Amino acid sequence: MQLSNFLQGGLLWTTCAYIIWGLTPLFYQHLREVEAMEIFALRVLCSVPLMAILLWVTVTPIRVFNLLMEPKTFTSLFLSTACISTSWYLNTWGVTNGQVLMVSLAYFLTPLISILIGVFYLRERLTPLQLIALILCATGFLYACISLDSFPWLTIGIALAFGCYGVIKKQVRIDTLNGLAAETLLMVPFALFYLIGMSGLTHWETGEDSDRLFLMLTAPMTILPLGLFAFGVARTKNISTIAVLQYIEPTLYFLLAVFVFAEAINTGRLVTFALVWIGFTVFSIDAMRRAKLARFADNIGLEK
662 MQLSNFLQGG LLWTTCAYII WGLTPLFYQH LREVEAMEIF ALRVLCSVPL MAILLWVTVT
722 PIRVFNLLME PKTFTSLFLS TACISTSWYL NTWGVTNGQV LMVSLAYFLT PLISILIGVF
782 YLRERLTPLQ LIALILCATG FLYACISLDS FPWLTIGIAL AFGCYGVIKK QVRIDTLNGL
842 AAETLLMVPF ALFYLIGMSG LTHWETGEDS DRLFLMLTAP MTILPLGLFA FGVARTKNIS
902 TIAVLQYIEP TLYFLLAVFV FAEAINTGRL VTFALVWIGF TVFSIDAMRR AKLARFADNI
962 GLEK
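Residue numbering for the sequence shown follows this note's numbering, starting at 662 and increasing by one per position.
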């Protein structure tokens, strides 16, 4: 593949987005003394102007306020906001409290959780390979529940929140940037409520200038990879590639947890991750196989 085709195809931009997301634990180590809720609240407030800039730079038609005025869409966005807020908060708490390994496991499980939700909520049918992947991941998770000292609530919380978020977003036709802009606006009242309630006690007010700088940078650390992702996905023809690329993030989390943050990786955790990784591999093979069959069917249809 020529370099120009690689860039125009969007694969580079999407890969960069996942790499940045995967390296965020390195950034959040500078905020380990700050409460996760304060990080979340300031991240939301600082993201509002950056979202406006991103919409303008990408020449995306602004539909945020129209979306919020439609009762059905508003309800879906409110629910998706609750899910993504929970995921963001738990992720932030995990990476600032020495739980990067369990956050990594959550993102490995998320696609399989999404499939499970689709089966029970949307009445979707599993392919044989999806069923095998689910059994492997479920076995890994159950083993974790038995072998670990405490219930992996952080892992299941992130996986369920992000899995539900994906299912909700699939039900509403909203472009990525307008959807996230609407969700950010819905988070603002809660962020303000927390910061006003904690007035005089926040790290923003009592901490050093370097702490304030890192708190402000949480917004671009969120918006930059999102912009790269939106730009890349719009130019990527093979969506199954995205399904595989999304595992760059939890893989980097895992490597950072083990080799940089020196988190404990005992036999129990290794067995859990091994089962989940095998499940993820089976899931990826199934996704690529179905995408290939869909392209073949489309080509047959065009020929006819």
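Note that the Cβ used here is the ideal one computed from N, Cα and C, for glycine as well. Note that the structure is a prediction, hence the values are computed from the model and not measured.
Measure from the C-beta of Thr928 to each C-beta in chain D and report whether the shortest distance is under 8 Å. Of the protein chains in the structure, only one exists, and it is not chain D.
Ends of the alpha helix (DSSP H) at Arg704? On the sequence shown, position 43 is the one that residue 704 refers to. Segment 697-718, the alpha helix (DSSP H) holding Arg704.
Tell me, to the nearest whole angstrom, how far the beta carbon of Tyr966 is from that of Met698; I am working on the premise that it is less than 8 Å. Outside the displayed range of the chain (662 to 965) lies residue 966, so it cannot be described from this structure.
Beta strand (DSSP E) segments (min. 3 residues) lying fully within the stretch 820-878: The DSSP assignment places no complete run of the beta strand (DSSP E) inside the stretch 820-878 (cut-off: 3 residues).
As an exercise, report each continuous alpha helix (DSSP H) stretch of at least 4 residues that is fully enclosed by the stretch 747-805, in chain order. Within the stretch 747-805, the complete alpha helix (DSSP H) runs of at least 4 residues are 761-782.
DSSP on Val921, reduced to helix/strand/coil? The sequence position of residue 921 within the sequence shown is 260, counting from 1. Three-state DSSP puts Val921 in coil, outside helix and strand.
Alpha-carbon to alpha-carbon, Tyr914 and Ser808: Stepping through the sequence shown from its first residue, residue 808 is reached at position 147. Stepping through the sequence shown from its first residue, residue 914 is reached at position 253. Answer to the nearest angstrom: the Cα atoms are 21 Å apart.
So for Ile926, helix, strand or coil by DSSP? Counted from its first residue, the sequence shown places residue 926 at position 265. Ile926 falls in the coil class under three-state DSSP.
Just to confirm the assignment, what range does the alpha helix (DSSP H) spanning Tyr908 have? To locate residue 908, count along the sequence shown from 1; it is residue 247. Bounds of any alpha helix (DSSP H) do not take in Tyr908, whose DSSP letter is neither H nor E.
May I ask which residues mark the beginning and end of the alpha helix (DSSP H) holding Phe812? Counted from its first residue, the sequence shown places residue 812 at position 151. Per DSSP, Phe812 lies in no alpha helix (DSSP H) and is assigned neither H nor E.
Contacting residues, own chain, Cβ-Cβ under 7 Å from Tyr782 (five flanking each side not counted): Walking along the sequence shown from the start, residue 782 turns up at place 121. Here the set comprises Val828.
Between Lys953, Val943, Leu672, which lies nearest to Pro772 when the distance is taken from Cα to Cα? For the purposes of this step, residue 772 is taken as residue 111 along the sequence shown, with counting starting at 1. Among Lys953, Val943, Leu672, the Cα nearest to that of Pro772 is on Val943.
At what residues does the alpha helix (DSSP H) containing Leu684 begin and finish? Within the sequence shown, the letter at position 23 stands for residue 684. 672-689 is the extent of the alpha helix (DSSP H) around Leu684.
Can you round the beta-carbon distance between Gly840 and Thr747 to whole angstroms, since I take them to be within the 8 Å contact cut? To locate residue 840, count along the sequence shown from 1; it is residue 179. To locate residue 747, count along the sequence shown from 1; it is residue 86. In this structure Gly840 does not touch Thr747 by the C-beta definition: roughly 17 Å separates them, more than the 8 Å allowed.
Trp814, buried or exposed, once every other Cβ within 10 Å from all chains shown has been counted against 16: Taking the first residue of the sequence shown as 1, we reach residue 814 at position 153. With fewer than 16 neighbouring CB atoms inside 10 Å of its own CB, Trp814 falls in the exposed class.
I need the DSSP call for Pro722, collapsed to helix, strand or coil. Taking the sequence shown and counting its residues from 1, one reaches residue 722 at position 61. Taken through DSSP and simplified to helix, strand or coil, Pro722 comes out as coil.
According to DSSP, is Arg951 part of a helix, a strand, or is it coil? Mapped onto the sequence shown, residue 951 falls at position 290. The answer is helix: DSSP assigns Arg951 an H, G or I state.
Taking the alpha-carbon positions, what's the Glu731 to Ala852 distance? Residue mapping note: residue 731 aligns to position 70 of the sequence shown, counting from 1. Residue mapping note: residue 852 aligns to position 191 of the sequence shown, counting from 1. For the pair Glu731 and Ala852, the Cα-to-Cα distance works out to about 23 Å.
Measure how close the beta-carbons of Thr675 and Leu906 come, nearest whole angstrom, since I'm counting them as under 8 Å. Working through the sequence shown from its first residue, we reach residue 675 at position 14. Working through the sequence shown from its first residue, we reach residue 906 at position 245. With a Cβ gap of about 6 Å, Thr675 and Leu906 count as contacting.
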